Amino acid sequence: MTFSILSHDPRDGSIGLASQSHFFGVGSVVGTAEAGVGAVVSQAFANTDWPPAALAALRAGRTPRDIVDELVQGDPWSAYRQLAVMDATGRHATFTGDRCVPRTSTATGPGVVAVGNMLAGSEVCAAMVAAHDASPGPAERRLVGALAAGERAGGDARGSQSAYLRVVGGARTDRPWREVRTDIRVDDAPDPIGELARLLPIQNGFRSVGAALFTPGVVIGAPGDLDPATDPAEFVDRLTDAVRDLGDNREATLWRAVILLRSSAPDHGRDRERERDRERERGRRELAELLADRPSLGPFVRALADVGILTAADVPDGPG
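Here you go:
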């Protein structure tokens with residue numbers, strides 16, 4: 030029914046999982062990962078209680094092996110289920126019940142484990158681990174590449190329908206929702222793994238947009254509200270990368286222009302007049318070019334001035 034991979038990246042401590050299934054919305058049922066805690070998948074004839082129970086046990090310091098054994102022993106239907114648990118250091122344990130529908134498979138490596146059932150080929154999981162380990166890229170790219178390799182090796186015997194990718198940071202905090210780096214769900218698509226690959230750079234672009242929008246002093250509030258240790262130029266650089274990632278979507282272009290205008294405001298405390306003037310001119314130029322291309326944004330940009338995000342002088346004259 031499903032093939033999944035869990036991994037720990039020792040370079041940054043991140044933990045991730047990726048799954049593909051011929052089942053609607055696999056991401057809503059297969060499992061999850063929590064920063065600094067671990068990752069869990071429950072599949073085949075899944076027990077959706079297992080992932081939250083396993084994460085709770087990981088938080089309490091239990092080992093993956095002990096957790097798997099306890100969950101299996103406590104479930105009278107465990108013979109129909111498949112389970113993989115990984116902790117924040119990459120240690121992992123698995124279980125495949127003897128009534129899971131063949132072909133079933135498990136493959137492991139340092140800090141990585143793949144499990145699958147109802148597979149069309151016996152090499153699916155081995156192909157996933159090999160592809161993961163051969164990739165030098167970030168965790169997200171390695172996990173999506175692993176799914177693609179599993180699909181090429183046969184994948185789900187029934188075909189492809191949905192896929193899920195989740196990567197979290199390595200630091201355990203009391204606000205783990207802030208440590209979610211990637212969470213993409215493709216609930217129903219002819220090529221769900223290909224769709225994950227398409228959405229990944231878009232998600233990365235909007236992470237940069239979100240960082241700018243939600244950091245006080247960058248877009249909201251006064252420029253003086255920005256943490257003195259934070260340089261607005263960092264957000265401009267991130268949004269420049271986002272412009273590339275988002276293609277025809279102009280969201281990053283808009284907010285980059287806004288930040289250039291705001292970060293160069295006189296009350297920001299900079300003495301670099303020439304640089305400030307260049308930034309302001311660049312922001313005005315980019316905003317004018319955007320409005321020339323998308324005149325329907327004119328009322329929205331003027332509304333930014335109405336609420337103090339921009340000044341009236343920042344808004345180019347034009348239609349809309």
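Quick note on numbering: the sequence shown equals residues 30 to 349 in our numbering. Note that beta-carbon positions come from the ideal geometry of N, C-alpha and C, so glycine has one too. Owing to the predicted nature of the structure, the values given are computational and were not obtained by experimental measurement.
Practice problem: Check Phe32 in the structure and name its three-state DSSP category. | Solution: strand
Exercise. Quick one: grab the DSSP three-state call for Gly298.
Key: Legend: pLDDT at Gly298 = 49, less than 50; position of this residue unreliable, no value from coordinates given.
Quiz item: Exposed or buried, which one is Phe53 when buried takes at least 16 other CB atoms within 10 Å?
Solution: Exposed: under 16 other Cβ atoms inside 10 Å.
Exercise. Answer with buried or exposed for Phe329, where buried requires no fewer than 16 other C-beta atoms within 10 angstroms of its C-beta.
Key: exposed
Self-check item: Whole-number beta carbon distance between Leu172 and Ile34, since they are thought to touch under 8 Å
Solution: Ile34 to Leu172, Cβ: 6 Å. Contact.
Quiz item: Just how far apart, CA to CA, sit Leu320 and Ser292?
Solution: 21 Å
Quiz item: Expressed to the nearest angstrom, what Euclidean distance is found between the alpha-carbon atoms of Asn278 and Val272?
Solution: 8 Å
Quiz item: Where does the unbroken beta strand (DSSP E) through Ser71 begin, and where does it stop?
Solution: Gly67 to Ala73
Quiz item: Which value, in whole angstroms, describes the spacing of the CA atoms of Gln49 and Asn76?
Solution: 17 Å
Quiz item: Pick from Ile213, Pro105 and Cys154: whose alpha carbon is nearest that of Ala113?
Solution: Of Ile213, Pro105 and Cys154, the residue nearest in Cα terms is Cys154.
Practice problem: Go through the stretch 157 to 210 residue by residue and report every complete run of the beta strand (DSSP E) that reaches 3 residues or more, in order. | Solution: 191 to 197
Quiz item: Given 8 Å as the limit, is there contact between the stretch 92 to 99 and the stretch 117 to 130, that is, 3 or more CB pairs closer than that?
Solution: yes
Self-check item: Rounded distance between the beta-carbons of Gly65 and Thr211, thought under 8 Å
Solution: About 16 Å separates the two Cβ atoms, so there is no contact after all.
Exercise. Examine the Cβ distances between the stretch 274 to 289 and the stretch 311 to 318 and report whether three or more of them are shorter than 8 Å.
Key: The stretch 274 to 289 is in contact with the stretch 311 to 318.
Practice problem: Measure the alpha-carbon distance for Phe74 versus Trp106 and round it to whole angstroms. | Solution: 9 Å
Quiz item: In whole angstroms, what is the alpha-carbon distance linking Ala186 and Met30?
Solution: 8 Å
Self-check item: Short Cβ contact (7 Å threshold) for Val70 with Ser191
Solution: no
Quiz item: So Ser13 and Ala168 are in contact, right, with Cβ under 8 Å, and what is the actual spacing, rounded?
Solution: Here the chain has residues from 30 to 349 only, and residue 13 is not among them.
Quiz item: Taking C-alpha atoms, which residue in Arg170, Arg181, Asp162 and Gly174 lies nearest to Leu148?
Solution: Arg181
Self-check item: Nonlocal neighbours in the same chain, by C-beta distance under 6 Å from Glu152, ignoring five residues either side
Solution: Ala182
Quiz item: Could you check where the alpha helix (DSSP H) with Thr269 kicks off and where it finishes?
Solution: Looking at the DSSP string, the run of the alpha helix (DSSP H) that includes Thr269 is Pro261 to Leu275.
Quiz item: Residues in its own chain within less than 8 Å of Leu84 by CB, not counting five upstream and five downstream?
Solution: Thr61, Glu63, Val66, Gly67 and Val69
Quiz prompt | Cα-Cα separation, Thr118 to Gly42 | solution = Linking Thr118 to Gly42 through their CA atoms gives a straight-line distance of about 8 Å.
Practice problem: Quick one: measure Cβ to Cβ for Ile338 and Val265, integer angstroms, because I've assumed they're closer than 8 Å. | Solution: A Cβ-Cβ separation of about 16 Å leaves Ile338 out of contact with Val265 under the 8 Å criterion.
Self-check item: As assigned by DSSP and simplified to three states, the class of Gly223
Solution: helix
Practice problem: Give me the Cβ distance between Leu290 and Arg313, rounded to the nearest whole Å; I'm assuming they're in contact under 8 Å. | Solution: 7 Å
Quiz item: Gly349 by DSSP, collapsed to three states: which one?
Solution: Because Gly349 sits at a pLDDT of 48, beneath the cut-off of 50, its placement in the model cannot be relied upon, and the point is left open.
Practice problem: Please report how far the alpha carbon of Glu263 lies from the alpha carbon of Ile213, in whole angstroms. | Solution: 25 Å
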